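Convert by adding 29 to the 1-based position in the sequence shown; the result is the number in the working numbering.
In this text, a Cβ means the ideal position worked out from N, Cα and C, and glycines have one as well.
Note that the structure is predicted; figures quoted are calculated from it, not measured.
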Amino acid sequence: MSYSGGCSTCLEIVFAAVLPPLGVFFRYGWCSVSNHSSSS
């Protein structure tokens, strides 16, 4: 169980470090693409 806990903690750290930037990137990237598509 200790391995599972350590593994989940490691994954949580990785996701916490990786997901926010990706979420922001995709949000602004998708918005910019949608705005360009709707304006043209």
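Own chain, CB closer than 7 Å to residue i, minus 5 neighbours either side, in chain order
{"i": "SER37", "result": "none"}
Own chain, CB closer than 6 Å to residue i, minus 5 neighbours either side, in chain order
{"i": "MET30", "result": "Any reading at MET30 must be qualified, since the residue scores a pLDDT of 48, below 50, and its modelled position is unreliable; the value itself is stated next. Around MET30: no qualifying Cβ."}
Sequence-distant residues of the same chain with beta carbon closer than 8 Å to residue i, five excluded per side
{"i": "VAL43", "result": "none"}
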